[in-house]
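Per full-length UniProt numbering, the sequence shown starts with residue 1, numbered consecutively.
Yeah, the Cβ is synthetic: ideal placement off N, Cα and C, and Gly gets one too.
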Amino acid sequence: MQNQTYDEFTTPIDDRYLEDYTEGARYSFGEESVNADEIMEFARRYDPQSIHTDPEAAAAGPFGGLIASGWQTAALMMRLFADNYLTSVASLASPGIDELRWVRPLRPDDRLTLICETTGVRPSRTKPDRGILTTDVTLVNQDGDPILTATAMNMVARRP
């Protein structure tokens with residue numbers, strides 16, 4: 001993923017509407033990370049499996065060490081997505097995420113970057129004040145290796 005050229009938005013996030021997204025544009029945003037304590041804290045509360053909560057058991061497990069819950073990984077992706085890509089003034093809701101995949105484990109202190117490719121910008125046929133934004137998202141680590149991939153769909157208001 002390194003040495004690639006990425007697009008930049010011409011409108012700030014607090015003035016971004018459906019018309020400001022361009023199909024085919026690619027963006028890079030980062031960075032987020034979690035340490036071992038944050039991984040274990042999240043997992044104890046939401047995903048209490050030993051590969052996430054117990055470093056010794058995780059070392060003997062299939063991943064050879066502690067890894068973050070996929071749901072924590074998805075939450076980190078969403079933080080980068082909301083803070084950088086998704087409009088803060090015109091996002092209305094999301095009908096869902098398709099094809100969510102945890103490609104490889106998130107390990108303590110990995111540094112994450114989000115790559116977004118706008119794959120669809122479609123005005124609604126029934127509600128002219130909004131449309132659907134479709135985005136392929138890839139969360140990569142510091143080596144450019146994909147950690148998570150998904151297709152996000154968002155309802156976004158059109159410019160007033």
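With a CB to CB cut of under 7 angstroms and the five nearest residues on each side skipped, what residues in its chain are close to residue i?
i	result
Trp71	Tyr46, Asp47
Met1	Residue placement at Met1 is poorly supported in this model, since its pLDDT is 47, which falls under 50; the coordinates are not used for a value here.
Thr87	Ile13, Arg16, Tyr17, Val156
Ser33	Asp109, Asp110, Arg111, Leu112
Arg79	Glu32
Would residue i count as contacting chain C if we go by Cβ distances under 8 angstroms?
i	result
Ala68	Structure shown: chain C not included; a single protein chain is present.
Can you tell me where the beta strand (DSSP E) with residue i in it begins and where it stops?
i	result
Asp47	Here Asp47 belongs to no beta strand (DSSP E), and DSSP marks it neither H nor E.
Ile97	91–102
Please go through the same chain and pick out, in chain order, the residues whose beta-carbon is closer than 6 angstroms to the beta-carbon of residue i, but skip the five residues on each side of it.
i	result
Leu139	Met77, Leu112, Leu114, Ile147, Leu148
Arg125	none
Thr135	Cys116, Thr118, Ala152
Ala59	Gly65
Pro105	Phe63, Ile67
Tyr6	Arg26, Tyr27, Ser28
Gly120	Thr134
Rounded to whole angstroms, what's the CA-CA distance from residue i to residue j? Just pull it up for me.
i	j	result
Ala93	Lys127	14 angstroms
Ile132	Ala57	44 angstroms
Arg122	Ile13	19 angstroms
Glu23	Met155	15 angstroms
Ala36	Gln142	17 angstroms
Thr53	Met40	5 angstroms
Thr11	Gly30	19 angstroms
Ala68	Val89	31 angstroms
Arg107	Pro160	44 angstroms
Thr73	Ser91	22 angstroms
Arg130	Arg158	5 angstroms
Ala43	Pro55	12 angstroms
Ala150	Gln49	23 angstroms
Thr100	Phe81	A quick correction: the sequence has Leu, not Thr, at residue 100. About 14 angstroms.
Excluding sequence positions up to five away, which residues of its chain have a Cβ less than 8 angstroms from the Cβ of residue i?
i	result
Gln4	Arg26, Ser28
Phe9	Arg16, Asp20, Tyr27
Pro62	Ile51
From the DSSP output, read off the bridge partner residues of residue i.
i	result
Gly24	Note: Gly24 sits in no beta bridge, so no partner.
Thr113	Gly30, Val140
inquiry  = List, from N- to C-terminal side, the alpha helix (DSSP H) runs of 4 residues or more that fit wholly inside the segment 32–81.
reply    = 36–46, 50–53, 55–60, 70–80
Complete beta strand (DSSP E) runs within the segment 119–155 (minimum length 3 residues, chain order) = 130–140
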